[in-house]
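Protein chains in written order, with this note's numbering: chain U, 260 to 1057; chain E, 457 to 576.
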């Protein structure tokens, strides 16, 4: 039935002529996929919020989402998706019309259908096979539901709303009947040689934008048309309403086209006119048989004797210029048309809705006309091109702001060059002042332009948050827990790349919160809490960072259990003295899991250590706060973007280095009495109550040059992941935003460096990786110790 | 060359329609929903409107009604882009004053054939 509908919609649309435009619709597939995935997300979130039938706007929104997906899928050749979506759309349409009520089972089914469509889309995009069983099962459930109520209504005792039954039947009949006119016409396409058409349009027909002349032009495209205009309804000029159509027509169309094709040209005005279409009966049936047997000959015959058809009221001058004359009609054309039996055409359409061109073109287009690329093949090429593309949809406001800024920049630039010319001619202070004015303006514009360009890559974090309502809904059902998910700060913007990479860690943390954080309802009740646990996802900006917090109001982390486990697993020594903070931090240690039993939900082999590693690789950090019985909060700090960094320029020897401003705690001059020597080569600096290792950058980075005396140098205290270090530098230069260039892609990874940048004077400066430097420092001093030990051993042996 | 207003909330379908029409030499104005379309139609007189039916903010049926209220659009052809299941939508559209429809899914050839049929 669905296929029938598609075959119909494709095969009936051969109303036009040859359009010399060759368009590959595959170029829009990416865009279709993007908006479909967005549509599915909308559908999912709306379904999760759907409470009852009264929620018309929500149902409408869901309907629109699936409706668009279906439309696009049909257009871009995702046949399976279109078919599947059709059933879902019908269900939603019934919900929209209050013929079907909202209940949890229906919502669950629609959620499953949502997953199926996503899977189908991904499978077609990537050219992979998928779990057909699951999809078939959901499809069957939908079909059952769709067939269910109709039969239930029929079986029900009659008095209940017979009108509704009648409507339902009429609708389904209409849907099934739609393809039939063609089917009816198909058995004997050549039985008639034309039609007599009586066309009496309603007076208001022009007000719907319809124009009888256009219909006649289209008729003339089908064959030879003669028209006789009837003026009997015309009124005297003073009574004439110029906007009304008071004419009617008698038309005679000599054509090989089936009646359905002729009717199709009137389909837009069917309800606005009296229309009688009669087949021209002049041709005896024997001729018809001949015509079928020898199509070319019969066509010639007809061309030779057009007057023999008994046409009355022929007005050759009313035939449209667009209509083909006898000479223009190519003799083999009727034979061509018939050579493609309609049945076969319909079948082709049913099989390949991806390439309906074949159908559309069969009537008029010469076979040699521009071959269309095979869509299936073309898409498989795209599949090879890889799944996720790097495209991004940008709010037009952002682009407009950019265009505006570039305009400003051009103005400033021309202003500066003018001043430059003036200065060449005459030097004076006024010009110099103007120049600085221009430079300030240029600087401001450049900065704003940069910020705007950066913002193009920014997306609201709701893109990452959107998946959680569904996930928490499913998880809590699976675990028998009651969990409410609260989202806040969804509009906080984050770089697209960061967003893509933070997805998995977030999933893990949310999953953990539901699985391990929130207690079962009974336990909560016993503890005097509401049986419904709360998981809260929050995002906000703080400094140059974005903070994402995942908190729950569950058990909280168990200090003793964690410590015991850590000792068991050998992560820490039994006698090691640790602060609470350090103990809780152990959950991020590799291979650590405190759950009594690994459940379906969390036991996926990805530990919190991976979460921390992933976040670190983005230049961020994660830490946990917890209170027993009150819950835990995991805080993720991420840089807003990976492409730009606020940096502090340092001088070491003759080299300039950059330290990310966020890792700098303070900078100070060395006071000799605060430098302590721990081992011979391990210097510590006493900063208030803390001892901080001193790292000599020139040694670690192998820079020759001045480390005159420690006492004359400067210390830059940096901090990362709770560890501090004091970097010895010769000088502090300015602070500036730097554009990060990866070392890996341009050279190779270097310990202690996270990237490079190009400074204003064109020179390259390396960006220091603080965490890496601390590790390097430790290795450096260990090596020193070993060398020293070896030397001592050697001396002793000697 | 004739100017056409293409209205669809689906970016991919709108892109296809716009691209196809432009390739065929038409001037095209785009709109993402009925309200957007109405504003654009008021700003520029177009010769043909192609509009989706199901759209947020203002749907296609309302758009047709609103356009027909404008003297400049009294006789302008307006085609609805509907799905094959949208029989009632076709009727609603016609009642609102739409000229006709083009059934989704359609391909570029079908689109151009229909546009040609209306614009000549």
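The C-beta atom is built at its ideal place from N, Cα and C for all residues, glycine as well.
Exposure label - residue i; buried when at least 16 CB within 10 Å
i              : result
residue 775(U) : buried
residue 281(U) : exposed
residue 932(U) : exposed
residue 663(U) : exposed
residue 471(U) : buried
residue 221(U) : Outside the displayed span of chain U (260 to 1057) sits residue 221(U), for which this structure offers no information.
residue 501(U) : exposed
residue 482(E) : buried
residue 799(U) : exposed
residue 420(E) : The first residue shown for chain E is 457 and the last is 576, placing residue 420(E) beyond what the model contains.
Same chain, Cβ closer than 8 Å to residue i, neighbours up to 5 away in sequence not counted
i               : result
residue 973(U)  : 926, 927, 928, 929, 987, 988, 989, 990 and 991
residue 379(U)  : 337, 339, 340, 343, 389 and 394
residue 1033(U) : 952, 954, 979, 982 and 984
DSSP three-state assignment for residue i, whether helix, strand or coil
i               : result
residue 977(U)  : strand
residue 870(U)  : helix
residue 1009(U) : coil
residue 572(E)  : helix
residue 389(U)  : coil
residue 469(U)  : coil
residue 914(U)  : strand
residue 828(U)  : coil
residue 482(E)  : coil
residue 580(U)  : Legend: pLDDT at residue 580(U) = 41, less than 50; position of this residue unreliable, value from coordinates given subsequently. Of the three classes helix, strand and coil, the one that applies to residue 580(U) here is coil, per DSSP.
residue 543(E)  : helix
residue 501(U)  : coil
residue 290(U)  : helix
residue 936(U)  : strand
residue 777(U)  : coil
residue 449(U)  : In this prediction, residue 449(U) has a pLDDT of 48, which is less than 50 and means its spatial position is unreliable; what the coordinates show is noted afterwards. It is coil, neither helix nor strand.
Alpha carbon of residue i to alpha carbon of residue j, nearest angstrom
i               : j               : result
residue 1025(U) : residue 661(U)  : 30 Å
residue 372(U)  : residue 382(U)  : 15 Å
residue 877(U)  : residue 780(U)  : 37 Å
residue 666(U)  : residue 350(U)  : 52 Å
residue 1006(U) : residue 1027(U) : 16 Å
residue 690(U)  : residue 805(U)  : 44 Å
residue 916(U)  : residue 909(U)  : 5 Å
residue 537(U)  : residue 296(U)  : 50 Å
residue 537(E)  : residue 676(U)  : 54 Å
residue 492(E)  : residue 789(U)  : 47 Å
residue 334(U)  : residue 840(U)  : 58 Å
residue 759(U)  : residue 654(U)  : 19 Å
residue 474(U)  : residue 489(E)  : 29 Å
residue 455(U)  : residue 293(U)  : 50 Å
residue 512(U)  : residue 480(U)  : 10 Å
residue 734(U)  : residue 569(E)  : 52 Å
residue 576(E)  : residue 724(U)  : 50 Å
Cut-off 6 Å between Cβ atoms - residues of its own chain near residue i, not counting five sequence neighbours on either side
i              : result
residue 867(U) : 846 and 847
residue 825(U) : 831 and 845
residue 525(U) : 534
residue 493(U) : 505
residue 508(U) : 458, 486 and 488
residue 871(U) : 847 and 881
residue 539(E) : 560
residue 303(U) : 373 and 729
residue 950(U) : 943
Interface residues of chain A facing residue i [CB-CB closer than 7 Å]
i              : result
residue 530(U) : Among the chains of the structure shown, chain A does not appear; the protein chains present are U and E.
Sequence-distant residues of its chain with Cβ nearer than 7 Å to residue i (five each side left out)
i              : result
residue 516(U) : 481 and 482
residue 300(U) : 725
residue 499(U) : none
| field | Meets three-Cβ-pair contact criterion under 8 Å: the stretch 542-558 of chain E and the stretch 489-509 of chain E | value | yes
| message | Check whether the stretch 994-1005 of chain U and the stretch 904-921 of chain U are in contact - that is, three or more C-beta pairs closer than 8 Å. | response | yes
| task | Report yes or no: do three or more beta-carbon pairs, one from the stretch 940-950 of chain U and one from the stretch 1001-1020 of chain U, lie closer than 8 Å? | result | At 8 Å Cβ cutoff, the stretches do not touch.
| task | Please confirm if the stretch 462-471 of chain U is in contact with the stretch 518-535 of chain E, defined as three or more CB-CB distances below 8 Å between the two stretches. | result | The stretch 462-471 of chain U vs the stretch 518-535 of chain E: in contact.
| field | Three or more C-beta pairs below 8 Å linking the stretch 283-290 of chain U and the stretch 345-364 of chain U | value | no
| Within the chosen definition, does the stretch 698-712 of chain U reach the stretch 725-739 of chain U through at least 3 CB pairs nearer than 8 Å? | no
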